[in-house]
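Letter by letter, the sequence shown follows residues 218 to 608 in the working numbering.
Glycine included, each C-beta is placed from N, C-alpha and C at the ideal position.
Computed from a predicted structure; not experimentally measured.
These notes are about the structure you will find just below.
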Amino acid sequence: MDLHVHIGRDSRGRPVKVSGARDLTLENIAREAAERKGIDVIGVVDCASRRVLSDIDLLSQSGAMEEAPGGGMRYKGRTVIIPGVEIEASCRAGEGPSAHYVAYFATLPQVREASRELSRHTTNIDLSTQKTRLAPEQLAQLVTDMGGLFVVAHAFTPHKSLYGTCARRIADVFGGEARRLVTAVELGLSADTGMADRIAELASYTFLSNSDAHSLGRMGREYNVMRLESPSFAEVSLALARIDGRRVVANYGLDPRLGKYYLSACQVCGARFHAPDAAVGCPECGASHVVRGVSDRVDEIADSAEAKSPAHRPPYLHQAPLQFVPGVGRARIARLIQAFGSEMAVLHHATRDQLAEVAGERIADRIMAAREGRLTIQEGGGGTYGRTLAD
Ligand SMILES: [Zn+2]
Ligand SMILES: [Zn+2]
218 MDLHVHIGRD
228 SRGRPVKVSG
238 ARDLTLENIA
248 REAAERKGID
258 VIGVVDCASR
268 RVLSDIDLLS
278 QSGAMEEAPG
288 GGMRYKGRTV
298 IIPGVEIEAS
308 CRAGEGPSAH
318 YVAYFATLPQ
328 VREASRELSR
338 HTTNIDLSTQ
348 KTRLAPEQLA
358 QLVTDMGGLF
368 VVAHAFTPHK
378 SLYGTCARRI
388 ADVFGGEARR
398 LVTAVELGLS
408 ADTGMADRIA
418 ELASYTFLSN
428 SDAHSLGRMG
438 REYNVMRLES
448 PSFAEVSLAL
458 ARIDGRRVVA
468 NYGLDPRLGK
478 YYLSACQVCG
488 ARFHAPDAAV
498 GCPECGASHV
508 VRGVSDRVDE
518 IADSAEAKSP
528 AHRPPYLHQA
538 PLQFVPGVGR
548 ARIARLIQAF
558 GSEMAVLHHA
568 TRDQLAEVAG
578 ERIADRIMAA
588 REGRLTIQEG
598 GGGTYGRTLA
608 D
């Protein structure tokens, strides 16, 4: 499952996430997940928008979507959509830098209530990731009181995240109630478990690896495998709390070096580098406008030099989505997905010989190299993705 997907437009073409793709509609997301990506559960994080709510109504009236037992919405008997809302809140009530959080809900009435309640504290509830005037702990309490789950989003990114811009510890933002209010922590594309488990307070939290997709193609570039009785909100909440055998079995995600914010980067000359000291400027041009990389931020706030993962922690498996494999363009991706049923089948299950039959020897070797982590990586930073290099 991929629990962080945005909506670009509603079915009438009205914007929800302005920077999102035009074809990133609720129905296209549900269809893409089932037919091309092989993803069973999608968290859609723009459901407080009344434009999205009315699309859900339309799909329900036409019979394409129905409430799933245990919460969530099932599309055509296949993909389950968990309705969610991404929200921005200042680190302290109304002041200073801010961070993103995601709330998930079981039912449409709950999402409607959240939409109404949040619209009292935001400017335009119909657009994605609105900034609320509530303090983070008020926001988390509100979500919890409404029966929702509250998650720290892309926890380390340099622009809007708890560890990246707000604080060195979750407890510094949420106080003594942190563990009760925050259900899980999303790692973000430029971090993985090995990096996050250097921070001692994270040992008790479940990690999520989600795509934060702004387009259909990018759905599933990070995802979670969970052991559940059935795909539903109730089962996902059990898994995040690690109750009754429900749990996250594995996190799949980019090698963090491929993420947009892995290295620190100069905003003036574009140089990317490791900057152990946040106060020192660009080593190339001396400018002081440096976007702090996630790797440097983690080094700065970590409790230990090595990861100390708790016993419950599942493996984090690196994957390079087809878009990152050198020489694999749109047409070839379409052909591969058609041949093997889904992108996940191409990435993880097809044999080298099967791949070679569809895409040729050279591409088959590269997909195998990506699967086994053997591609050479040029690290990302400052908003530019890393790249895998053909050898
Ligand atoms: Zn965000
Ligand atoms: Zn520079």
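Remark: C-beta atoms of Glu283 and Gly437 do not approach each other more closely than 8 Å. Look at the beta carbons and you see the stretch 555 to 570 not touching the stretch 441 to 457: under three pairs across the two are nearer than 8 Å. Remark: C-beta atoms of Ala451 and Gly301 do not approach each other more closely than 8 Å.
Remark: the C-beta of Val485 is in contact range of ligand 2, defined as less than 7 Å to any heavy atom. Of the other Cβ atoms in all chains shown, 16 or more fall within 10 Å of the Cβ of Pro375; this residue is therefore buried. About 6 Å separates the CB atoms of Asp227 and Val269; that is less than 8 Å, so the two are in contact. Pro493 and Ile594 have their C-alpha atoms some 21 Å from each other. Taking a contact as a CB-CB distance under 8 Å, the pair Asp219 and Ser432 does not count as one, their CB atoms being some 13 Å apart.
Here the alpha carbons of Ser266 and Glu330 stand approximately 12 Å from one another.
Counting C-beta pairs with one atom in each stretch, the stretch 381 to 399 and the stretch 325 to 341 have fewer than three that are closer than 8 Å, which means they do not touch. The shortest C-alpha to C-alpha distance from Leu553 to any of Ala388, Tyr478, Glu252, His506 is the one to Glu252. With a cutoff of 7 Å, Lys377 counts as near ligand 1, since its C-beta is closer than that to a heavy atom of the ligand. In this structure, Ser345 sits near Lys234, with a CB-CB distance shorter than 8 Å. Bounds of any alpha helix (DSSP H) do not take in Phe424; it lies within the beta strand (DSSP E) bounded by 423 to 425. Val360 and Cys499 have their C-alpha atoms roughly 41 Å apart. Secondary structure note for Gly411: its alpha helix (DSSP H) is the uninterrupted segment 410 to 413. Remark: C-beta atoms of Phe373 and Val258 do not approach each other more closely than 8 Å. Partner residues in a beta bridge of Tyr478, as assigned by DSSP, do not exist. Proximity of the beta carbon of Ala370 to ligand 1 is indicated: a heavy atom of the ligand is located closer than 7 Å. For Thr601, the Cβ stays outside the 7 Å cut-off from all heavy atoms of ligand 1.
Around the beta carbon of Pro538, 16 or more other beta carbons sit within 10 angstroms, so the residue counts as buried. Taking 4 residues as the minimum length, the alpha helix (DSSP H) runs contained wholly in the stretch 519 to 600 are 547 to 557, 569 to 576, 578 to 588, in order along the chain. Uninterrupted beta strand (DSSP E) stretches at least 3 residues long and entirely within the stretch 317 to 361 occur at 347 to 349, given in chain order. No heavy atom of ligand 2 is found nearer than 7 Å to the CB of Cys264. With 16 or more other Cβ atoms inside 10 Å of its own Cβ, Cys483 counts as buried.
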